[in-house]
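Shown next, in structure tokens, is the structure this report addresses.
There are 2 protein chains.
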Amino acid sequence: MTDQYLDAAVAEAIAGRDEGGIPIGAVLVVDGTIVGRGHNQRVQLGSPTLHGETAALENAGRLPASVYRRSVMYTTLSPCDMCSGAILLYEIPKVVIGENRTFMGNEEYLRQRGVEVEVADDGRCVDLMNTFIADHPDLWNEDIGV
Amino acid sequence: MTDQYLDAAVAEAIAGRDEGGIPIGAVLVVDGTIVGRGHNQRVQLGSPTLHGETAALENAGRLPASVYRRSVMYTTLSPCDMCSGAILLYEIPKVVIGENRTFMGNEEYLRQRGVEVEVADDGRCVDLMNTFIADHPDLWNEDIGV
Chain A
1 MTDQYLDAAV AEAIAGRDEG GIPIGAVLVV DGTIVGRGHN QRVQLGSPTL HGETAALENA
61 GRLPASVYRR SVMYTTLSPC DMCSGAILLY EIPKVVIGEN RTFMGNEEYL RQRGVEVEVA
121 DDGRCVDLMN TFIADHPDLW NEDIGV
Chain B
1 MTDQYLDAAV AEAIAGRDEG GIPIGAVLVV DGTIVGRGHN QRVQLGSPTL HGETAALENA
61 GRLPASVYRR SVMYTTLSPC DMCSGAILLY EIPKVVIGEN RTFMGNEEYL RQRGVEVEVA
121 DDGRCVDLMN TFIADHPDLW NEDIGV
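Chains A and B, in that order, give the protein sequences. Sequential numbering of the first sequence, starting at 1, is according to the numbering used here. Sequential numbering of the second sequence, starting at 1, is according to the numbering used here.
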């Protein structure tokens, strides 16, 4: 059974790929409704801070702390340090990760700080990243600061 | 003796205040030159992710990993989890913090991860924040996810 929210994050990743960008997408869900969605904007906007998760937060706009605290972040790829930090800043209690095979963020630190971390190990997410990394290794390294 | 880079970060914080925004500014310095500068954009752009540090990174644009690794981030206020994460993502080796009296981020975690953290305890930075927090407590709490 696929998850409609992870599907929406994957759709964002595919949209990013189709724009020539890095195929990572995310959606922020509150009470069962997607309130923000986005994908990595390094190529499209030349942005070093709009990753999937931060782009979804930007798209959601300003929300009260109480709303973040009952939200779930769905992201196609294990969050980097910056996006993990954004999740911690807003005390988002749960993150659903498409895959962590092609990149493993500091999931243990998220758990230590009280975030529930679920890894879907979704083949679509793995395929998107494997294809992208094979085609654009330099762009990928730039995105993760390597 | 004041530090020209911290002065530039303070100038960004003052510019933010004068726009009706949250008075936190930052500059990214590489080889003695300011390559990016910015201030919190919650009020001005309705942004939940453009804090001082991330705004300075955005303003600097896409940089090679090797450039971040010899840079210094100057910020008027102790970095929040998100901005600390951005510093870790790009392996920025040093952060100079204007003050950490009005807000203390996870400076210990930055140090654990190998970042040199210097706190200037600058009175201008403290005054900017104290005045702002007294005038706009709700806006401040929103910015730090409280």
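Cβ atoms here follow ideal geometry from the backbone N, Cα and C, with glycine treated the same way.
Within 10 angstroms of the Cβ of SER84(A), are there 16 or more other Cβ atoms? Answer buried if so, exposed if not. With 16 or more other CB atoms across the displayed protein chains lying within 10 angstroms of its CB, SER84(A) is buried.
Taking the continuous beta strand (DSSP E) assigned at VAL146(B), which residues delimit it? For VAL146(B), there is no enclosing beta strand (DSSP E), as DSSP gives it neither H nor E.
How far does the alpha helix (DSSP H) with VAL72(B) in it extend, from its first residue to its last? Note, VAL72(B): premise wrong, no alpha helix (DSSP H); beta strand (DSSP E) at 71 to 77.
Cβ of GLY46(A) less than 9 Å from any chain B Cβ? Closer than 9 Å: yes.
Measure the C-alpha to C-alpha separation of GLY20(B) and HIS136(B) and round it to an integer number of angstroms. When rounded, the distance between both Cα atoms is 10 Å.
For GLY25(B), the first and last residue of its enclosing beta strand (DSSP E): Per DSSP, the unbroken beta strand (DSSP E) holding GLY25(B) starts and ends at 25 to 30.
Assuming ILE92(B) is part of the alpha helix (DSSP H), what are its boundary residues? Element bounds for ILE92(B): n/a, residue is neither H nor E.
DSSP-derived helix/strand/coil call for ILE22(A): Three-state result, ILE22(A): coil.
Would you report the Cα separation of ARG62(A) and GLY25(A), rounded to the nearest angstrom? Roughly 20 Å separates the two Cα atoms.
Would you mind reading off the limits of the alpha helix (DSSP H) that contains ARG111(A)? Taken as a continuous stretch (DSSP letters only), the alpha helix (DSSP H) holding ARG111(A) covers 107 to 112.
Just the C-alpha distance for ASP143(A) and VAL126(A), rounded to the nearest angstrom, thanks. VAL126(A) has its alpha-carbon roughly 17 Å from the corresponding atom of ASP143(A).
GLY36(B) by DSSP, collapsed to three states: which one? The answer is strand: DSSP assigns GLY36(B) an E or B state.
Helix, strand or coil: how does DSSP classify GLY46(B) here? When secondary structure is reduced to three states using DSSP, GLY46(B) falls in the coil class, being assigned neither helix nor strand.
Rounded to a whole number of angstroms, what is the C-alpha to C-alpha distance between ASN106(A) and VAL96(B)? Near 24 Å, if we compare the C-alpha coordinates of VAL96(B) and ASN106(A).
Please identify, using Cβ separations under 8 Å, the residues of the segment 65 to 81 of chain B that lie next to chain A, in order along the chain. The segment 65 to 81 of chain B vs chain A, Cβ under 8 Å: ALA65, TYR68, CYS80, ASP81.
List the whole-angstrom C-beta distance separating GLU58(B) from THR49(A), where the pair is believed to meet the contact cut-off of C-beta under 8 Å. The Cβ separation is near 6 Å, so the contact holds.
Shortest alpha-carbon distance to ALA9(B) belongs to which of ARG101(B), ALA55(B), PHE132(B), VAL43(B)? Selected option, being the one with the closest Cα: ALA55(B).
Which of the three DSSP states is assigned to VAL115(A) in this structure? Secondary structure of VAL115(A) (DSSP, three-state): coil.
Return no unless some Cβ of chain A is closer than 9 Å to the Cβ of ILE144(B). Output row for ILE144(B): interface = yes.
Under the three-state DSSP convention, the category GLY123(B) falls into: Judged by DSSP in its simplified three-state form, GLY123(B) adopts helix.
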